[in-house]
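Colleague: Note that the protein sequences, when read in sequence, are chains Y and U. Per UniProt numbering: the first sequence = residues 1 to 348. Per UniProt numbering: the second sequence = residues 1 to 348. We put the beta carbon where it would ideally sit given N, CA and C, even for glycine. Once you've had a glance at the structure underneath, I'll fire off some questions.
Protein chains: 2
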Amino acid sequence: MIEDKNTSKTPISELGEFGLINHLTKNLGIKQKTSDFGIGDDAAVLDFKNKKCVLTTDLLIEGVHFDLAYVPLKHLGYKAVMVNLSDVYAMNATASQITVSIAVSNRFPLEALEELYAGIETAAKIYNIDVVGGDTTSSTTGLIISITAIGHANKEDLVYRNGANENDLLVVTGDLGAAYMGLQILEREKQVFEVNPNSQPDLDQYTYLIERQLKPEARKDIPELLKALDVKPTSMIDISDGLSSEVIHLCTQSNVGVNLYEEKIPLDPAVISVCEEFKLNSTTVALNGGEDYELLFTIKQEDYPKIKANPNLTVIGHITDKKSGIGLVTRANEKIQLQAQGWNPIKE
Amino acid sequence: MIEDKNTSKTPISELGEFGLINHLTKNLGIKQKTSDFGIGDDAAVLDFKNKKCVLTTDLLIEGVHFDLAYVPLKHLGYKAVMVNLSDVYAMNATASQITVSIAVSNRFPLEALEELYAGIETAAKIYNIDVVGGDTTSSTTGLIISITAIGHANKEDLVYRNGANENDLLVVTGDLGAAYMGLQILEREKQVFEVNPNSQPDLDQYTYLIERQLKPEARKDIPELLKALDVKPTSMIDISDGLSSEVIHLCTQSNVGVNLYEEKIPLDPAVISVCEEFKLNSTTVALNGGEDYELLFTIKQEDYPKIKANPNLTVIGHITDKKSGIGLVTRANEKIQLQAQGWNPIKE
């Protein structure tokens, strides 16, 4: 609803490509000691010395990944950074730089892009990363955001998806399903707004869910916490497409099976109550909802005492041999095969 | 004209996101010794040891940067890689990796994406780079390509835009304006085709121009050549937006002026003859056409003997003090200020 703002608008065509880039990036200095040179040349120059460089990229498309009817641009900028940093942390690495490429149609005034960049800058500041490059261009329709995140780690600290072994414990950070339920609430409010633009929604009770959807936080704290606890995961992945999909990735790439316990999946009370309101199964939501940006990892059993007291970490299962399959053990103690498209209880 | 192909089509929805990524990337192994891990985890892992890492990114949007009516997808994939590698070479660095993110609407069958990837793979093979990551998603309209190129260099070999000094010589590689004239010919043929779809265009005489537009080559050879000649440029930039724009960037960032000699600008005979056909001024085309992907650099006068015999390199001017301005010395020996939007003789 950016068109509703009652402020003066500056067409981006007034600035031209270079003027626009200069305007949007003028506050973006470089601070990281791994950044030698940021914006303003053909390429950025980084120096990771004896560390490994970690690199990941994501593309966000208006109408596919976000709906500007209910996503404020500042939040969108912030979230677009989180989506990428989450992948760096999932390597057990430190994120240090991003590049930001944006394509916009002419319907976006300069002030809208400033909002988007304000979110990106806020994320960069809080997460201690430099914006070292990018591209700004026009699009025929809508907004496109392409971010590449760069990080670094000592070789011995890196964690891949393929290292899980039989008897390892499966651990998840935070809680799951909230971002998906936040989206359901926003979609419902959008429909209400379309029917009655004067309705005043009371979303107070949904604050946690909506925040998880609009302003997720990448788990920068987890690689730090694991280091402090002296635990190196045997495998790790971030949860962007839903627990089910990520468990399957870990097990497939590690060539193992898993028993995942439904009763252990961490759910916030707000998720449980809103699932009842929407008549959705909260386990299904946690397994398939996605956009949680939590981390899923495996540890050796002997490391369990080091993590068991930590409220950020929940053991939700254990790794089995491959032929036992990738299974969900339900509350009724039945073992169901997890599906690549996610477990759907309606089909059972 | 991808819809015209008389082959069977596979909807991309049949494969799903992960199926599609696996299918398109299955041939993309890693070969570079700086690539530790490529596609298949949350992030790629690279190792540049004691070298600096160089990183650049570009976004290509259908309808803005390319028109699929006359750009074959294989060429588009190839060109998208070139656009990015060119920026790495402009740092006097070696390109070693790219990530490729693509968003497509449902109208693209799998076979179209295979063509696009075939071009990307060909470029990666010829230019000796690994595809180490990316993202594949759907778009609401059209095709979007976001590529990040990564390279490396010794600290002492890196060349920035801001190092030009008074009396340095301004040097350009190859020839200019051909890609722009290739585009004019393709645009004209598109219009002819729209009027009469049965017309058989004879484009043989325009082969060089069309190739420069559809299948440009990044100047991987130039950093290698400069090293062999024992010449380190004082500043360097690639020519993507036109000579005029890039000269202004170099001079502004180096805080100097320039005398650029119109008669020295290297033009292919095909450019001169087609400019006559289109009633365009060939100097204007060379200055503002863009998409040449040649390199523009400055060298110390004392290095002139090392480069003067080389047919790839043309001295087109010399650096002056800042207050002399950024000037084009015309064939009539008049000095005209170069404009940020490019020199337009119609305005004079």
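Once the 5 residues before and after residue 337 of chain Y are set aside, which same chain residues still bring their CB inside 7 Å of it?
Modeller: Within the same chain, residue 337 of chain Y has close Cβ partners 325, 326 and 327.
Colleague: Could you give the C-beta distance for residue 12 of chain Y and residue 113 of chain Y, rounded to a whole number, given that I count them as a contact under 8 Å?
Modeller: That belief holds up - the Cβ atoms of residue 12 of chain Y and residue 113 of chain Y are roughly 7 Å apart, short of 8 Å.
Colleague: In the DSSP assignment, find the beta strand (DSSP E) that holds residue 294 of chain U and state where it starts and stops.
Modeller: 294-299 is the extent of the beta strand (DSSP E) around residue 294 of chain U.
Colleague: Going by beta-carbon coordinates alone, are residue 355 of chain U and residue 34 of chain U separated by less than 8 Å?
Modeller: Given a span of 1 to 348 for chain U in the structure shown, any question on residue 355 of chain U remains unanswerable.
Colleague: Taking only beta-carbon atoms, is residue 55 of chain Y less than 8 Å away from chain U?
Modeller: It does: the Cβ of residue 55 of chain Y has a partner Cβ on chain U nearer than 8 Å.
Colleague: Could you list which residues in chain U have their beta carbon closer than 7 Å to that of residue 108 of chain Y, in chain order?
Modeller: None at all; the shortest Cβ gap to chain U is about 14 Å.
Colleague: Can you tell me whether DSSP reads residue 40 of chain U as helix, strand or coil?
Modeller: Residue 40 of chain U: coil per DSSP, three-state reduction.
Colleague: Relative to the C-alpha of residue 235 of chain U, which residue among U:247, U:225 and U:242 is closest?
Modeller: That would be U:247, whose Cα lies nearest to the Cα of residue 235 of chain U.
Colleague: Does the structure place the stretch 167-185 of chain U close enough to the stretch 201-213 of chain U that three or more beta carbon pairs sit under 8 Å?
Modeller: At 8 Å Cβ cutoff, the stretches touch.
Colleague: Say whether chain B places a C-beta atom closer than 8 Å to the C-beta of residue 297 of chain U.
Modeller: Looking for chain B here will not work: the only protein chains present are Y and U.
Colleague: Thinking just about the alpha-carbon of each residue, which of Y:305, Y:255, Y:154 and Y:207 is nearest to the one in residue 49 of chain Y?
Modeller: Considering only alpha carbons, the answer is Y:154.
Colleague: Following the continuous alpha helix (DSSP H) through residue 186 of chain U, name the residue where it begins and the one where it ends.
Modeller: Start and end: 178-195.
Colleague: Excluding the 5 residues flanking residue 5 of chain U on each side, which residues of the same chain have their C-beta closer than 8 Å to its C-beta?
Modeller: The pLDDT assigned to residue 5 of chain U is 46, lower than 50, so where the model puts this residue is not dependable; a value taken from the coordinates is nonetheless given after this. Closer than 8 Å at Cβ, skipping near neighbours: 111.
Colleague: Name the DSSP beta bridge partners of residue 62 of chain U, please?
Modeller: BP columns for residue 62 of chain U point to U:66.
Colleague: Quick one: grab the DSSP three-state call for residue 238 of chain U.
Modeller: Of the three classes helix, strand and coil, the one that applies to residue 238 of chain U here is strand, per DSSP.
Colleague: Tell me which residues share the same chain as residue 349 of chain Y and place their Cβ nearer than 6 Å to its Cβ, disregarding the 5 neighbours each side in the sequence.
Modeller: This structure cannot settle anything about residue 349 of chain Y, because the visible part of chain Y is limited to 1 through 348.
Colleague: Who are the neighbours of residue 306 of chain U on chain Y, taking C-beta pairs under 8 Å?
Modeller: Ordered by position in chain Y, no residue passes the 8 Å Cβ test against residue 306 of chain U, which lies about 23 Å from the chain.
Colleague: Check this for me: beta carbons of residue 260 of chain U and residue 299 of chain U, under 8 Å apart or not?
Modeller: Cβ distance not < 8 Å, so residue 260 of chain U and residue 299 of chain U don't count as in contact.
Colleague: In angstroms, rounded to a whole number, what distance separates the CA positions of residue 98 of chain Y and residue 56 of chain Y?
Modeller: Going by the C-alpha atoms only, they are around 9 Å apart.
Colleague: Tell me the start and end of each unbroken beta strand (DSSP E) in the stretch 296-330 of chain U that is at least 3 residues and wholly inside, in chain order.
Modeller: Entirely contained in the stretch 296-330 of chain U, the beta strand (DSSP E) runs reaching 3 residues are, in chain order, 313-320 and 326-329.
Colleague: Rounded to whole angstroms, what is the Cα-Cα separation between residue 105 of chain U and residue 282 of chain Y?
Modeller: Going from the Cα of residue 105 of chain U to the Cα of residue 282 of chain Y covers about 32 Å.
Colleague: Can the beta-carbon of residue 294 of chain Y be found less than 8 Å from the beta-carbon of residue 122 of chain Y?
Modeller: Not in contact: residue 294 of chain Y and residue 122 of chain Y (Cβ atoms no closer than 8 Å).
Colleague: Do you know offhand how far residue 28 of chain U's Cα is from residue 42 of chain Y's?
Modeller: Those two C-alpha atoms are separated by around 26 Å.
Colleague: Apply the 10 Å Cβ neighbour rule to residue 126 of chain U and answer buried if 16 or more other Cβ atoms are within range, or exposed otherwise.
Modeller: So residue 126 of chain U counts as exposed.
Colleague: Could you compute how far the alpha carbon of residue 51 of chain U sits from the alpha carbon of residue 46 of chain Y?
Modeller: Their Cα atoms are separated by approximately 9 Å.
Colleague: Could you pull out every residue in the same chain whose Cβ sits closer than 8 Å to the Cβ of residue 92 of chain Y, ignoring the five residues on either side in sequence?
Modeller: If we look at residue 92 of chain Y and ignore the five residues flanking it on each side, its Cβ neighbours are 153, 157, 158, 159, 223, 226, 232, 233 and 236.
Colleague: Do residue 103 of chain U and residue 139 of chain U have their CB atoms nearer than 8 Å?
Modeller: It is a contact, given that the beta carbons lie within the stated cut-off.
Colleague: Under DSSP, the alpha helix (DSSP H) around residue 226 of chain U begins and ends at which residues?
Modeller: Looking at the DSSP string, the run of the alpha helix (DSSP H) that includes residue 226 of chain U is 221-229.
Colleague: Given a cut-off of 8 Å on the beta-carbon distance, is the pair residue 133 of chain Y and residue 39 of chain Y in contact?
Modeller: Going by C-beta atoms, residue 133 of chain Y is nearer than 8 Å to residue 39 of chain Y.
Colleague: Take residue 331 of chain Y as the anchor and find which of Y:17, Y:264 and Y:145 has the nearest alpha-carbon.
Modeller: With distances taken between Cα atoms, residue 331 of chain Y lies closest to Y:264.
Colleague: Out of curiosity, what's the CA-to-CA distance linking residue 257 of chain Y and residue 243 of chain Y?
Modeller: For residue 257 of chain Y and residue 243 of chain Y, the distance between alpha carbons rounds to 15 Å.
Colleague: Would you kindly work out how many angstroms separate the C-alpha atoms of residue 241 of chain U and residue 188 of chain Y, rounded to a whole number?
Modeller: Approximately 46 Å between the Cα atoms of the pair.
Colleague: For residue 103 of chain Y, decide whether its Cβ has a neighbour in chain U, counting only Cβ atoms nearer than 8 Å.
Modeller: So yes, residue 103 of chain Y belongs to the interface.
Colleague: With 8 Å as the threshold, decide whether the Cβ of residue 349 of chain Y is near any Cβ in chain U.
Modeller: Nothing in the structure corresponds to residue 349 of chain Y, since chain Y is present only between 1 and 348.
Colleague: Would you mind stating whether residue 253 of chain U and residue 161 of chain U have Cβ atoms separated by less than 8 Å?
Modeller: Yes. Within cutoff.
Colleague: First and last residue of the beta strand (DSSP E) that includes residue 335 of chain U?
Modeller: That run of the beta strand (DSSP E) goes 335-337.
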